[in-house]
Each structure stands twice: as C-alpha cells, then as structure tokens.
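Participant: Sending over a structure as structure tokens; questions will come in a sec.
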Amino acid sequence: MIRMSDDLNELLARCLARLAAGDDFDACLRDAGPRATELRPLLESAASLRSVPVEPYSPEAFHAGKTRLRATLADRAHRRRPAYIAPLWRSAIFLAAAAAVAVVALLAFSTDLFRFGSTGTQAQVQGVLSSVQDGTLVITTLDGEVRIALRDTTRVVDPQGQAQAPEGIPPGQNVLVDVQDDGGAFTATRVEIEREDEEHEGAPGPEVKVEFSGSVTAVNGGDITVQAPFGTALVHLTDKTEVRGNIAPGAEVEVHATRQPDGSYVAKEIEAIKGGGDGGDDHPEGSGGSDGGEGGD
Amino acid sequence: MPGVLTLPDTALTEADLISRAKEFRPEAWDVIYDTYFPKMYTFLYAHVGDRSAAEDLAAEVFEQACRGIHRFQYRGVPFASWLYRIAHNIMVDFHKRRRRTESIDAEPARDLPAAGDLTDTVALRDQLARALRHLTGEQARVLVLRHIEGLDVASTAIILGKKDNAVRALEFRALRALRRLLSREDRGK
Numbered sequence: 449m450i451r452m453s454d455d456l457n458e459l460l461a462r463c464l465a466r467l468a469a470g471d472d473f474d475a476c477l478r479d480a481g482p483r484a485t486e487l488r489p490l491l492e493s494a495a496s497l498r499s500v501p502v503e504p505y506s507p508e509a510f511h512a513g514k515t516r517l518r519a520t521l522a523d524r525a526h527r528r529r530p531a532y533i534a535p536l537w538r539s540a541i542f543l544a545a546a547a548a549v550a551v552v553a554l555l556a557f558s559t560d561l562f563r564f565g566s567t568g569t570q571a572q573v574q575g576v577l578s579s580v581q582d583g584t585l586v587i588t589t590l591d592g593e594v595r596i597a598l599r600d601t602t603r604v605v606d607p608q609g610q611a612q613a614p615e616g617i618p619p620g621q622n623v624l625v626d627v628q629d630d631g632g633a634f635t636a637t638r639v640e641i642e643r644e645d646e647e648h649e650g651a652p653g654p655e656v657k658v659e660f661s662g663s664v665t666a667v668n669g670g671d672i673t674v675q676a677p678f679g680t681a682l683v684h685l686t687d688k689t690e691v692r693g694n695i696a697p698g699a700e701v702e703v704h705a706t707r708q709p710d711g712s713y714v715a716k717e718i719e720a721i722k723g724g725g726d727g728g729d730d731h732p733e734g735s736g737g738s739d740g741g742e743g744g745d
Numbered sequence: 007m008p009g010v011l012t013l014p015d016t017a018l019t020e021a022d023l024i025s026r027a028k029e030f031r032p033e034a035w036d037v038i039y040d041t042y043f044p045k046m047y048t049f050l051y052a053h054v055g056d057r058s059a060a061e062d063l064a065a066e067v068f069e070q071a072c073r074g075i076h077r078f079q080y081r082g083v084p085f086a087s088w089l090y091r092i093a094h095n096i097m098v099d100f101h102k103r104r105r106r107t108e109s110i111d112a113e114p115a116r117d118l119p120a121a122g123d124l125t126d127t128v129a130l131r132d133q134l135a136r137a138l139r140h141l142t143g144e145q146a147r148v149l150v151l152r153h154i155e156g157l158d159v160a161s162t163a164i165i166l167g168k169k170d171n172a173v174r175a176l177e178f179r180a181l182r183a184l185r186r187l188l189s190r191e192d193r194g195k
C-alpha cells in the first residue's frame, strides 16, 4: 500500500539531494507541485539545522580528553596484566593450578556440572522483546530479529533486580540479554528488563511489532482488555486494525501490535483463535475493527 | 564521496582496529580518538549547545568506550555507530543530572534565554538542541549526521548500519518530528 507520506518521503529525499548539489530551494518547491506546502516546513527544518554554526572545540580540550583516555587505558591494561610473581613461587603456583584443574575435571565428569567441548562465546543483545514463543525470546534489535532460547536456568530480573518468569515480560519491553552463542544457536543466560523511563540506545524505536495471545475479558468500543501471560493488556483497535473472527469476552485472541509509552497496545491485527461466539479464521471481518467488539462490560 | 568516514591508518581495517583496541593498545586508541573525537563533539554540541560541556562529554565517550570495548561485537556494525550510541546515552544522563541540579538549586531554567543578551543564532541553536533531545536517539543521530555534519545518505547509512532507503525514511520521520517540536515551541512563545 502506498501512502501519501511515502510520496512525500521520496520528494523530500530528492529535494535534499538537489539542495546538497547546490540547487535552489524555491526551484525544488516549485517542482514539488501541490505537495510543496507539506514539503516546505520539512526543508526549512533541515535548513535551520544547517544554519546553526558549531563552535569549534579547543585544542586544550582535545588534548585533555586524550589524557583522560590514556589514564583509563592504563588502568584497564593494568587490570589485565597478571601480578608479578616471585620466581621462587612459580612452581608452587603451577602445582596449585594443576591440582585445581584436576578437581574441576573430576567434578565435570562425575557431576555434569560443567560443560566441556563448548565452542560457545558470551555476548549481549539489547532490543525490544517482540514475543515469547515456545521457550524462545524473539528480540527485535537494530540489526534485525534475533531468536534466543530460554533455559531452565535463565535468570530474568526486573529493573529492581527482582527475579520473575520469562512469560511475565510484557512484549514491547526493552531488554538486555546475556547470550551464550553456541555456533549460531543462542541461549539466554540472563535477561534484564530495562527501566521504562530511560532512553534505550542500542534498541529499536517504539514501532517494533509485538505479538502475544490471551483471553478477552472485556470489550469496550475500540478498547479490548486481554488477560495475557504477562498480565492484563489494554489493546486499542483503530480503523487500520485487521480484525479476524468475533472478538468478544471469553475469546482466545492472538494480537499483533505496537506498544505505546503508557504500556497499552495498538493492534495491527487481532484474531480470535478460540471461543468468542462464531470466532476463528473462517470468519474474517477484514479491517475497520474499531467496532469489532460486541459491547462488553 | 564527500564526508565518508575513513580511518587515517590505511593499513588498518576497522576490524583490525577494534581487535587492537580490545587489547588496550594505545596506538589503536589514538587512531580512534583522533578520528572520532571531532564527530562526537559535534554530535554532543548539537544536543547541549555548550562548548565546554560538549568537550567534556566527548572525552567521556572515549573513557566509556575504553571501559566497555570488551562488550563490542564486531559483526559488520560500524564502530562509529556504537560510539554514537554511547554519546547519546551520555547526553541523556547529562540532561538528567542537569535537571536534578537545577531543581535542587532552584535556578532559573537554562533553556530560557535571558532577554537581550542572546543573538538569534544562539536562541535558534538552543531551540534546536532542546528539540533534538526530544527525538529518539536514531532520529537525532540521522539529523546530526545529515544536516550538521553534512554527510550524504550513503555515508550516514554506513555509520548507522542501515540501508540507504531506511536512512531516508528515518530522516523523513525525524524532520517531521523536529518540525512539530519547533512549531510547538514557537506557539508557546
């Protein structure tokens, strides 16, 4: 579907390229025809950014910054360096290390406490939780979608550090996941739910699509209350929402949506997969779902 | 191509550089600092509108990068993109700290220009800095790269780790949001 804003987007890109090549502002607008009135404020905003001079930094500040960096560097390098060990102690330390390795190996073979032969590496993934499906977290990152398997031992903590169940993370929430990469198969060792009142760099914006399922508990015009595994979700339907099946209290629904800053969801698609009268995908009602409910409480 | 980011040491690929940086080799960090300090400064200056603060924050970017380099995974995502994210987080923290200090000290808001001692340019710079802070990190980054640093779409796409079309779409949304914020400020005057 081509939207009006797509055209404007194209026009803006063309005009910005022309302006960068030295073309005239008014000529660009003239060529934009009837869209010129919408284009003008965008070009003016861009021009205002270009018009403000950036005060140059001082050479002293540049060098002071480098000195700070070198101090940090020295500190980091120092932490990595093994402490000096007197030659007389070397053999004793070696023997102690060998004994420790032997104990660890014994534990590994007898208790399966340690995994050997793993080629895994640790990494962190930051992004927005799109869904939790069949023991897998689907995370949308700036680089695309990543699927990370949950283990029984995966620890999930909320912003206060309290443990919680993976199913309790609301889709759309920013998360930071410690990941074990076992040759392309990712497993989560720890999931940290990030605070909502902070900006989350390294994570995509609020337009990330999320999905979840649950049971409809109330329908009130274009607002639907869904009891989901992570708690109660308020889902707003708009005239762009694709509604399938009969969305009524008691229906099991699958929701594809975007999360709003207030924690509610705006549905792109909602489908009754069970219950709710004559629901199911045999009875699509198409788009225009703001009246998709049947009253409710 | 104008404005393309290149590392001055042509013998070093970015992956090599990161690998050496992870070993805390000073020569690698010198290259990183010399290449990116000006860019981090410009980015931060656009957001804080204050030279001294931007200089200090730009230096902090490299301290934090040095401490967190072990977390950086080189998977074709440009190092610059990672640095810009650090810079953005530092900028957000800076404004939080400043808001707290201002509320404790009950100083008049620094964002309000004192009558008569600011030129139009300074007022506009402050207005833009305020507006940029209300955009998402990505939106702010694309505007600074494209319209303050003057990079073309292709170079911006490399830094942001996005495709050209995605950069154009992001820029469109960012300019639209900026326009709304500037109009709101104008109406509030």
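Chains A and B supply the protein sequences, listed in that same order.
Following our numbering, the numbering of the first sequence begins with 449 at its first residue and continues without gaps.
Following our numbering, the numbering of the second sequence begins with 7 at its first residue and continues without gaps.
Built from N, CA and C at the ideal position, the CB exists for glycine as well.
Given the structure is predicted, the values throughout are model-derived calculations rather than measurements.
Count the other CB atoms, across all protein chains shown, that sit within 10 Å of the CB of THR680(A); report buried if there are 16 or more and exposed otherwise.
Facilitator: With fewer than 16 other Cβ atoms within 10 Å, it is exposed.
Participant: What is the DSSP secondary structure of ASN694(A), counted as helix, strand or coil?
Facilitator: Looking at ASN694(A) - three-state DSSP - the assignment turns out to be coil, as it is neither helix nor strand.
Participant: DSSP three-state call for PHE68(B): helix, strand or coil?
Facilitator: Here PHE68(B) sits in helix by DSSP.
Participant: Is the beta carbon of ALA468(A) less than 8 Å from the beta carbon of LEU477(A)?
Facilitator: No, Cβ-Cβ distance for ALA468(A) and LEU477(A) is not below 8 Å.
Participant: Please list, in chain order, the chain A residues whose beta carbon lies closer than 7 Å to that of GLU69(B).
Facilitator: Those within 7 Å of GLU69(B) in chain A are ARG516, LEU517 and THR520.
Participant: Helix, strand or coil for PRO530(A), going by three-state DSSP, please let me know.
Facilitator: Legend: pLDDT at PRO530(A) = 48, less than 50; position of this residue unreliable, value from coordinates given subsequently. Three-state result, PRO530(A): coil.
Participant: For PRO765(A), tell me which candidate among ARG185(B), ARG190(B) and GLU191(B) has the shortest Cα-Cα distance.
Facilitator: Outside the displayed span of chain A (449 to 745) sits residue 765(A), for which this structure offers no information.
Participant: Buried or exposed for LYS45(B), going by 16 or more other Cβ atoms inside 10 Å?
Facilitator: It counts as buried.
Participant: Are the stretch 81 to 100 of chain B and the stretch 125 to 137 of chain B in contact at 8 Å, needing three or more beta carbon pairs?
Facilitator: Touching, no.
Participant: Specify the secondary structure class of ILE164(B) as computed by DSSP and reduced to three states.
Facilitator: The answer is helix: DSSP assigns ILE164(B) an H, G or I state.
Participant: Note down the Cα distance separating LEU460(A) from LEU487(A), rounded to an integer number of angstroms.
Facilitator: Cα to Cα, LEU460(A) sits roughly 7 Å from LEU487(A).
Participant: By DSSP's criteria, THR635(A) is part of a beta bridge. Which residues make up the other side?
Facilitator: The partner list for THR635(A) (beta bridge, DSSP) reads ALA597(A) and GLN628(A).
Participant: What is the DSSP secondary structure of ILE617(A), reduced to helix, strand or coil?
Facilitator: Residue state, collapsed to three classes: coil.
Participant: What in chain A is Cβ-close to ARG104(B), meaning under 7 Å?
Facilitator: Neighbours of ARG104(B) on chain A: none; closest Cβ ~15 Å, over 7 Å.
Participant: Flag ASP126(B) as yes if its beta-carbon sits less than 8 Å from any beta-carbon of chain A, otherwise no.
Facilitator: No, because no Cβ of chain A sits closer than 8 Å to the Cβ of ASP126(B).
Participant: What residue range does the beta strand (DSSP E) around VAL658(A) cover?
Facilitator: Residues 657 to 668.
Participant: Strictly below 7 Å CB to CB, what residues from chain D border PRO489(A)?
Facilitator: This model lacks chain D altogether; the protein chains it does include are A and B.
Participant: One question on the structure: do HIS53(B) and ALA163(B) come within less than 8 Å of each other, judged by their Cβ atoms?
Facilitator: In this structure, ALA163(B) does not lie closer than 8 Å to HIS53(B) by Cβ.
Participant: Pick out the complete alpha helix (DSSP H) segments inside the stretch 32 to 104 of chain B, 4 residues or longer, and give them in chain order.
Facilitator: Counting whole runs of 4 or more residues, the stretch 32 to 104 of chain B contains the alpha helix (DSSP H) stretches 32 to 54 and 57 to 74.
Participant: Which residue's Cα is closest to the Cα of PRO32(B): ARG466(A), ASP523(A) and ASP455(A)?
Facilitator: Closest by alpha carbon: ASP523(A).
Participant: Straight-line CA distance for THR41(B) to ALA544(A)?
Facilitator: The alpha-carbon atoms of THR41(B) and ALA544(A) are separated by roughly 47 Å.
Participant: Who are the near neighbours of ARG638(A) in its chain, counting only those whose CB is closer than 6 Å to its CB and skipping five residues on each side?
Facilitator: Contacts found: ARG603 and ASP626.
Participant: Less than 7 Å between C-beta atoms, sequence neighbours within five positions excluded: which residues of the same chain meet that for ASP606(A)?
Facilitator: Cβ within range, chain order: GLN612 and ILE641.
Participant: Out of curiosity, what's the CA-to-CA distance linking THR19(B) and VAL586(A)?
Facilitator: Cα-Cα distance, rounded: 33 Å.
Participant: Would you say GLU503(A) lies against chain B (beta-carbon separation less than 8 Å)?
Facilitator: Closer than 8 Å: yes.
Participant: Between which two residues does the alpha helix (DSSP H) containing ILE24(B) stretch?
Facilitator: Per DSSP, ILE24(B) belongs to the alpha helix (DSSP H) from 20 to 28.
Participant: Counting only C-beta atoms, is PHE510(A) closer than 8 Å to chain B at any point?
Facilitator: It does; some Cβ of chain B falls within 8 Å.
Participant: Kindly indicate the opening and closing residues of the alpha helix (DSSP H) around GLU503(A).
Facilitator: That residue, GLU503(A), is in no alpha helix (DSSP H); it is neither H nor E in DSSP.
Participant: With distances taken from CA atoms, which of ALA71(B), ARG73(B), VAL148(B) and LEU50(B) is nearest HIS94(B)?
Facilitator: Residue LEU50(B) is the option with its Cα nearest to HIS94(B).
Participant: Would DSSP call GLU508(A) helix, strand or coil?
Facilitator: Looking at GLU508(A) - three-state DSSP - the assignment turns out to be helix.
Participant: Just to confirm my understanding: we take HIS588(A), look at its own chain, exclude 5 residues before and 5 after, and list those with CB closer than 7 Å. What are they?
Facilitator: A small fix is needed here, since residue 588(A) is Thr in this sequence, not His. Excluding positions up to five away in sequence, the list reads GLY575, VAL576, SER578, PRO652 and VAL656.
Participant: By Cβ distance below 7 Å, which residues in the same chain neighbour GLY55(B) in space, the five residues on each side in sequence not counted?
Facilitator: The answer, listed in chain order, is ARG131, ASP132 and ALA135.
Participant: By the criterion of Cβ-Cβ separation under 9 Å, what are the contact partners of ASN622(A) in chain B?
Facilitator: Result: empty, since nearest Cβ-Cβ is about 12 Å, beyond 9 Å.
Participant: For ALA121(B), name the three-state secondary structure that DSSP assigns.
Facilitator: The predicted model places ALA121(B) with a pLDDT of 38, which falls under 50 and marks its position as unreliable, so this point remains unresolved.
Participant: Helix, strand or coil, according to DSSP, for ILE110(B) in the structure here?
Facilitator: Low confidence applies to ILE110(B): its pLDDT is 49, below 50, so where it sits in the model is not reliable, and the reading given next is rough at best. ILE110(B): helix per DSSP, three-state reduction.
Participant: At a CB distance below 8 Å, what residues from the stretch 44 to 56 of chain B approach chain A? Give them in sequence order.
Facilitator: The residues in question are PRO44, TYR47, THR48, TYR51 and ALA52.
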